[in-house]
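FYI, the working numbering numbers position 2 of the sequence shown as 923, with every residue one higher than the one before it.
Reading through the C-alpha cells given below for one structure.
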Amino acid sequence: MSITLNYELIISSDNTYEELVAEIFFANGELVVVSQERSPDQFEVSFYSPRYRDSGNATAAALAIDLDAFVAALAEAKQKLISLGARRD
C-alpha cells in the first residue's frame, strides 16, 4: 500500500536562517526545512511537528539531520526491506 503525500514547496528567506531555505509543508501540518546554514556544500534537513511548532518553542523542538546522511539512511532502509522481501498485502 502506498500513501501519496500532499505537500507544498516554498523557497523562502526566513528570518531564522541566513541563507535561502526550502520549506516543505505537508497536508497533515508537518514542516520540513532544507537549508545550507552550515556551509554551501552541506545541506541540512529539519523536521518540525505541528504539536511542537504550536508550543512556542519551535526552534528547540526541531530535529536537524544532515541531508546526505538522511537520504543514505532511507536508501539503506529501502534496500534492506527489498532484500528481505518485506511486503504486507
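Don't be surprised by glycine CBs; every beta carbon is placed ideally from N, CA and C.
Keep in mind the model is a prediction, meaning the values are calculated, not measured.
### Task
State buried or exposed for Ser-960, treating a residue as buried only when at least 16 other CB atoms are found within 10 Å of its CB.
Start at 1 with the first residue of the sequence shown, and residue 960 comes out as number 39. Its Cβ having fewer than 16 others within 10 Å, Ser-960 is exposed.
### Query
Do you know how far the Cα of Ile-931 is from the Cα of Ile-945?
Numbered from its first residue, the sequence shown carries residue 945 at position 24. Numbered from its first residue, the sequence shown carries residue 931 at position 10. Approximately 6 Å between the Cα atoms of the pair.
### Task
Report, in whole angstroms, the separation of the C-beta atoms of Phe-991 and Val-953, which I expect to be a contact under 8 Å.
The residue labelled residue 991 in the question sits at position 70 within the sequence shown. The residue labelled residue 953 in the question sits at position 32 within the sequence shown. About 10 Å; that fails the 8 Å criterion.
### Query
Are there 16 or more other CB atoms within 10 angstroms of the CB of Ser-934, so buried, or fewer, so exposed?
Reading the sequence shown from its first residue, position 13 is the one you call residue 934. Under this definition Ser-934 is an exposed residue.
### Query
According to the neighbour-count rule (16 or more other Cβ atoms, all chains shown, within 10 Å of its Cβ), is Asp-1010 buried or exposed?
Position 89 of the sequence shown, counted from the first residue, corresponds to residue 1010. Residue placement at Asp-1010 is flagged as unreliable, the pLDDT there being 48, under the threshold of 50; the coordinate-derived value follows with that caveat. Label assigned to Asp-1010: exposed.
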